[in-house]
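Residue numbers (my numbering), protein chains in the order written: chain F, 1 to 406; chain S, 407 to 812.
We put the beta carbon where it would ideally sit given N, CA and C, even for glycine.
Computed from a predicted structure; not experimentally measured.
As structure tokens, the structure follows; a few thoughts come after it.
There are 2 protein chains.
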Amino acid sequence: MLSIRGKIKMTFDFSDKVKNLKPSAIREIFKSLTDPSVISFAAGNPSPLSFPVEKLRLLADEIFETEPSKALQYGITEGYLPLRNQVSERLKSKFSIGKDFDEVIITSGGQQGIDLACKVLCNEGDTVICENPSFIGALNAFRSYGVNLKGIDAGIDGINPEELEKVLKEDKRVKLIYLIPTFQNPSGITTSLEKRKAILEIAKKYGVVILEDNPYGELRFAGRDVPTIKSMDDCGIVLYCGSFSKILSSGMRVGFVCGHSELIKKIVVVKQTNDVHTNQFFQMLCSKFIDRYGLDEHIKSINELYGRNCACMLSSLDENIPSSVSYTRPEGGLFLWVTLPRSTDMDDFIKRTVDAKIAVVPGSTFMPDPSKKTSSFRLNYSMPTEEEIKKGISILAQVIKSAGIN
Amino acid sequence: MLSIRGKIKMTFDFSDKVKNLKPSAIREIFKSLTDPSVISFAAGNPSPLSFPVEKLRLLADEIFETEPSKALQYGITEGYLPLRNQVSERLKSKFSIGKDFDEVIITSGGQQGIDLACKVLCNEGDTVICENPSFIGALNAFRSYGVNLKGIDAGIDGINPEELEKVLKEDKRVKLIYLIPTFQNPSGITTSLEKRKAILEIAKKYGVVILEDNPYGELRFAGRDVPTIKSMDDCGIVLYCGSFSKILSSGMRVGFVCGHSELIKKIVVVKQTNDVHTNQFFQMLCSKFIDRYGLDEHIKSINELYGRNCACMLSSLDENIPSSVSYTRPEGGLFLWVTLPRSTDMDDFIKRTVDAKIAVVPGSTFMPDPSKKTSSFRLNYSMPTEEEIKKGISILAQVIKSAGIN
Chain F
1 MLSIRGKIKM
11 TFDFSDKVKN
21 LKPSAIREIF
31 KSLTDPSVIS
41 FAAGNPSPLS
51 FPVEKLRLLA
61 DEIFETEPSK
71 ALQYGITEGY
81 LPLRNQVSER
91 LKSKFSIGKD
101 FDEVIITSGG
111 QQGIDLACKV
121 LCNEGDTVIC
131 ENPSFIGALN
141 AFRSYGVNLK
151 GIDAGIDGIN
161 PEELEKVLKE
171 DKRVKLIYLI
181 PTFQNPSGIT
191 TSLEKRKAIL
201 EIAKKYGVVI
211 LEDNPYGELR
221 FAGRDVPTIK
231 SMDDCGIVLY
241 CGSFSKILSS
251 GMRVGFVCGH
261 SELIKKIVVV
271 KQTNDVHTNQ
281 FFQMLCSKFI
291 DRYGLDEHIK
301 SINELYGRNC
311 ACMLSSLDEN
321 IPSSVSYTRP
331 EGGLFLWVTL
341 PRSTDMDDFI
351 KRTVDAKIAV
361 VPGSTFMPDP
371 SKKTSSFRLN
381 YSMPTEEEIK
391 KGISILAQVI
401 KSAGIN
Chain S
407 MLSIRGKIKM
417 TFDFSDKVKN
427 LKPSAIREIF
437 KSLTDPSVIS
447 FAAGNPSPLS
457 FPVEKLRLLA
467 DEIFETEPSK
477 ALQYGITEGY
487 LPLRNQVSER
497 LKSKFSIGKD
507 FDEVIITSGG
517 QQGIDLACKV
527 LCNEGDTVIC
537 ENPSFIGALN
547 AFRSYGVNLK
557 GIDAGIDGIN
567 PEELEKVLKE
577 DKRVKLIYLI
587 PTFQNPSGIT
597 TSLEKRKAIL
607 EIAKKYGVVI
617 LEDNPYGELR
627 FAGRDVPTIK
637 SMDDCGIVLY
647 CGSFSKILSS
657 GMRVGFVCGH
667 SELIKKIVVV
677 KQTNDVHTNQ
687 FFQMLCSKFI
697 DRYGLDEHIK
707 SINELYGRNC
717 ACMLSSLDEN
727 IPSSVSYTRP
737 EGGLFLWVTL
747 PRSTDMDDFI
757 KRTVDAKIAV
767 VPGSTFMPDP
777 SKKTSSFRLN
787 YSMPTEEEIK
797 KGISILAQVI
807 KSAGIN
């Protein structure tokens with residue numbers, strides 16, 4: 001606080017952990033998206049076509065009719081019990097997730113699960129291992145607790161287990177290994193079963209918790225399911241974050257964490273100080289939806305849509321993009337990851353996409369170490385229509401050409 | 407992590423800041439309230455009669471009809487813009503809150519505003535000054551960031567400004583002064599205008615932010631409004647937390663923070679890592695409610711109910727309780743605060759209330775320093791009916807008598 005000519009000018013002394021925290025670059029990109037002529041591949045949103053509006057409307061009205069006081073009153077921090085039970089039951093029967101020592105807590109979106117896991121396990125100055133690249137929302141959550149991020153390059157089938165062990169051997173302050181093994185954000189890749197097994201064994205050897213973030217796992221439109229790391233967890237070392245954001249509604253902010261009861265108990269105590277509990281009405285709405293309709297049919301229809309869009313984007317890329325440019329071929333999720341030749345001037349390239357009214361998210365956004373050089377960017381295929389995808393990728397091809405890439 | 411006879415037993419190494427954090431004692435009391443014959447004065451809940459169910463039902467259906475994609479999709483972290491504008495406008499016109507330098511963010515309940523304020527301003531080992539007693543949810547939020555709590559005894563009209571200055575002079579690590587100046591939780595008292603002015607001047611002198619928590623401010627059923635500290639803030643040193651929990655619905659988790667734009671900007675960045683944004687549907691529902699019906703009429707009806715209940719509780723106490731027992735006479739809010747003779751064995755007394763099937767919250771729950779001796783307890787009058795109040799207070803009088811208090 002400064003006093004200037006009798007007038008006080010406030011300057012705030014922020015805590016060390018948040019002092020240098022910047023808003024997600026994606027948000028800034030979105031601010032430039034008010035121009036309706038821009039074709040955006042920058043989103044992380046589910047398609048609005050994926051929201052089961054009429055069913056939710058009907059069920060919401062039923063809640064107002066039959067249980068309004070429960071839906072509008074304070075609930076318990078652990079979450080609405082019927083929903084917790086449904087989530088546990090579904091994780092178990094469909095994905096073999098959940099041993100006797102595990103419990104489920106309902107969170108305010110998957111994001112809150114990530115945030116609370118870090119708060120509960122990490123002191124300032126501790127280390128969190130992440131994939132390189134990784135989800136910006138998680139990276140910023142970790143940064144907001146003053147931890148150091150250590151990125152490990154993710155190849156086409158996940159991080160290298162030997163590289164993971166090397167980091168764990170050298171850095172005794174690693175408290176968390178954060179992974180999105182299935183349809184990773186931003187890369188769209190899936191970690192192989194072999195690597196999942198190896199990573200789990202190493203985590204056990206060093207006694208470090210794995211935070212398995214799986215918001216996209218059910219969005220598979222090609223290939224075969226790979227077991228989650230959590231499904232192989234026989235001692236409670238894996239904390240599993242899931243979400244309804246990509247399969248029912250993102251705006252409602254309902255997710256969940258499944259993990260060892262000791263860990264969940266502590267997360268409950270901390271969540272209580274954070275937002276008391278997650279929106280009760282929408283917890284009941286999720287529960288009613290599962291009860292009445294189940295999730296499987298609805299998810300199937302989402303996957304048909306995303307499968308079509310992804311195939312359209314891949315064939316447009318195949319047709320238009322020179323062979324010096326590579327890209328992942330996801331079997332599910334929302335994203336694919338394009339890598340330009342290593343020598344590309346990315347600032348110039350991104351400027352060219354903006355001028356051409358194409359929005360993509362530059363790869364540097366997703367780097368645990370933002371100074372790390374990358375010539376990649378992320379494309380989203382859940383939001384645009386097939387027509388927009390075709391048009392947008394053809395413009396992108398022209399931008400690539402204009403940047404001198406052949 | 408321990409290996410016992412080949413089986414791994416997980417033991418988690420929690421972060422220093424959350425290691426000793428205990429769940430709110432109130433939650434534990436609630437677990438004993440499954441017995442329907444218990445009369446509970448332990449709640450912090452609004453009355454279910456205060457929820458405008460039919461109006462919300464109508465408006466919710468309108469949202470599903472007209473703007474489902476907006477309501478179910480990701481929103482921006484700052485909050486739904488029409489609601490932010492309505493909150494700003496109402497704070498300004500009705501309570502003279504908000505200068506040019508101020509902004510509003512929508513939070514997931516008032517609790518999240520308190521949590522983020524502490525995260526943004528406090529390092530571990532810093533000090534937060536609180537009233538003695540104070541709101542357990544806030545105290546635990548502060549504790550979860552590893553700060554030290556310094557309680558200042560609150561008299562019948564708030565903390566003593568000289569005492570505040572003394573603490574600020576001695577402790578250079580004070581980063582926040584947390585106050586609930588109006589209808590305080592748990593005590594029901596209101597800080598006088600004179601003290602508010604003095605506290606603000608001292609905060610400015612020492613350059614320490616005041617966190618003014620005002621979830622009950624509109625729940626006045628007697629006496630005259632006292633200006634908030636924020637309304638007198640001419641430099642941005644006061645961060646003001648408000649909530650819709652006690653005037654529309656607590657289960658929906660919608661609150662707000664009004665403060666200096668520099669502080670709000672940082673809170674936005676940190677909220678983004680916490681839960682991305684607050685439930686979008688209910689933000690729109692609040693906005694529509696304000697737009698269609700306004701809040702004033704509805705709040706008036708709540709205050710008639712709480713005024714009746716409080717009067718009933720006070721007259722029951724006046725009739726039944728010996729003069730060695732004192733209690734506050736609130737002009738609004740949800741709570742009053744009963745103080746037994748200093749020599750009372752509180753563990754024994756609370757045990758007697760449990761045996762008599764009366765639930766109250768022991769005063770120690772609300773102490774920044776839980777080892778501080780107190781012979782007080784909190785009574786809630788928003789949840790019980792007048793009949794329950796009369797019956798419960800008469801039982802409480804018997805308990806007091808049985809404990810040898812005359």
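(message) Quick test of the definition: if touching needs 3 or more C-beta pairs under 8 Å, does the segment 669-679 of chain S touch the segment 413-427 of chain S?
(response) no
(request) Verify whether the separation of the beta carbon atoms of L314/F and R329/F is less than 8 Å. (result) Yes; because the gap between Cβ atoms is below 8 Å, this pair is in contact.
(message) For a contact defined as C-beta to C-beta under 9 Å, what are the partners of C664/S on chain F?
(response) Chain F residues near C664/S: none, gap ~14 Å exceeds 9 Å.
(message) What residue range does the alpha helix (DSSP H) around E568/S cover?
(response) P567 to E576
(request) Would you mind sorting K572/S into buried or exposed? The rule is 16 or more other CB atoms within 10 Å of its CB. (result) exposed
(message) Let's test the definition: count the other Cβ atoms within 10 Å of the Cβ of P474/S and tell me whether it reaches 16, buried, or not, exposed.
(response) buried
(message) Under DSSP, the beta strand (DSSP E) around C235/F begins and ends at which residues?
(response) Looking at the DSSP string, C235/F is not in any beta strand (DSSP E), and its letter there is neither H nor E.
(request) Could you name the residues of the segment 268-280 of chain F whose beta carbon sits closer than 9 Å to any beta carbon of chain S, in the order they occur along the chain? (result) V268, V269, V270, Q272, T273, N274, D275, V276, H277, T278, N279 and Q280
(request) Could you check the C-alpha separation between E201/F and L168/F for me, to the nearest Å? (result) 12 Å
(request) State the Cα-Cα distance for the pair T278/F and N680/S, rounded to the nearest angstrom. (result) 13 Å
(message) Just verifying my parser: in three-state terms, what is the DSSP assignment at F349/F?
(response) helix
(message) Please list, in chain order, the chain S residues whose beta carbon lies closer than 8 Å to that of Q112/F.
(response) N680 and D681
(request) Compare the Cα-Cα distances from V254/F to each of Q280/F, I237/F, S364/F and L263/F and report the closest residue. (result) Q280/F
(request) Determine the direct distance from the alpha carbon of N406/F to that of M367/F, and round the result to whole angstroms. (result) 26 Å
(message) Taking 6 Å as the limit between beta carbons, can you name the residues of its chain near S250/F, skipping five residues before and five after?
(response) P46
(request) Could you check what DSSP says for T679/S in three-state terms: helix, strand or coil? (result) Reduced to three states, the DSSP call for T679/S is helix.
(request) Select from the segment 11-23 of chain F all residues with a C-beta closer than 8 Å to any C-beta belonging to chain S, and list them in chain order. (result) T11, F12, D13, F14, S15, D16, K17, V18, L21, K22 and P23
(message) So, under 8 Å CB-CB, V120/F and A359/F are touching, yes? Tell me the CB distance rounded to an integer number of Å.
(response) About 36 Å separates the two Cβ atoms, so there is no contact after all.
(message) According to DSSP, is V38/F part of a helix, a strand, or is it coil?
(response) coil
(request) Please work out which residues of its chain come closer than 6 Å, Cβ to Cβ, to L742/S, disregarding the five sequence neighbours upstream and downstream, and give them in chain order. (result) G594, Y733, T734, P736 and L785
(request) Whole angstroms is fine: what's the gap from G110/F's alpha carbon to K92/F's? (result) About 19 Å.
(request) Measure from the C-beta of S655/S to each C-beta in chain F and report whether the shortest distance is under 8 Å. (result) yes
(request) Output, in sequence order along the chain, the residues in the segment 634-647 of chain S whose CB is closer than 8 Å to any CB in chain F. (result) Taking 8 Å as the upper bound on Cβ-Cβ separation, chain F lies near residues D640, C641, G642 and I643 of the segment 634-647 of chain S.
(request) Look up F386/F in the DSSP assignment and say whether it is helix, strand or coil. (result) Looking at the sequence shown, residue 386/F is not Phe but Glu. Helix, per DSSP.
(request) Using only alpha-carbon positions, find the residue among G404/F, V354/F and E387/F that is nearest to T34/F. (result) V354/F
(request) Could I get the ranges of all uninterrupted beta strand (DSSP E) runs contained in the segment 479-556 of chain S, with 3 residues as the minimum, in chain order? (result) For the segment 479-556 of chain S, whole beta strand (DSSP E) runs of length 3 or above, ordered along the chain, are 508-513 and 533-538.
(message) At the 8 Å Cβ level, is F650/S part of the contact set with chain F, yes or no?
(response) no
(request) Output, in chain order, the set of chain S residues within a Cβ distance shorter than 7 Å of M346/F. (result) Near M346/F there are no residues of chain S at all, since even the closest Cβ is about 24 Å away, more than 7 Å.
(message) For Y306/F, count the other beta carbons within 10 Å of its own beta carbon; 16 or more makes it buried, fewer makes it exposed. Which is it?
(response) The residue in question, Y306/F, is buried, as its Cβ has 16 or more Cβ neighbours within 10 Å.
(request) Anything in the segment 533-557 of chain S with a Cβ closer than 7 Å to a Cβ of chain F? List those residues in chain order, please. (result) Of all residues in the segment 533-557 of chain S, G543, N546, A547 and S550 have a Cβ within less than 7 Å of some Cβ in chain F.
(request) Please check if any C-beta of chain S sits within less than 8 Å of the C-beta of F51/F. (result) F51/F belongs to the set of residues whose beta carbon lies under 8 Å from a beta carbon in chain S.
(request) Report back the beta-carbon spacing between I512/S and Q689/S to the nearest angstrom; my notes put them in contact at under 8 Å. (result) 6 Å
(message) Quick check on the burial criterion: 16 or more other C-beta atoms within 10 angstroms. Buried or exposed for L555/S?
(response) buried
(request) Kindly list the residues whose CB is nearer than 7 Å to the CB of S243/F, restricted to its own chain and excluding five residues on each side of it in sequence; keep chain order. (result) Residues of the same chain with a CB within less than 7 Å of the CB of S243/F, apart from the 5 flanking positions on each side, are G109, G110, P215 and G255 in chain order.
(request) Return yes when the Cβ of V226/F is within less than 8 Å of the Cβ of L239/F, no when it is not. (result) no
(message) Classify E78/F: buried if its beta carbon has 16 or more other beta carbons within 10 angstroms, exposed otherwise.
(response) Around the Cβ of E78/F, a 10 Å sphere holds 16 or more other Cβ atoms; the residue is buried.
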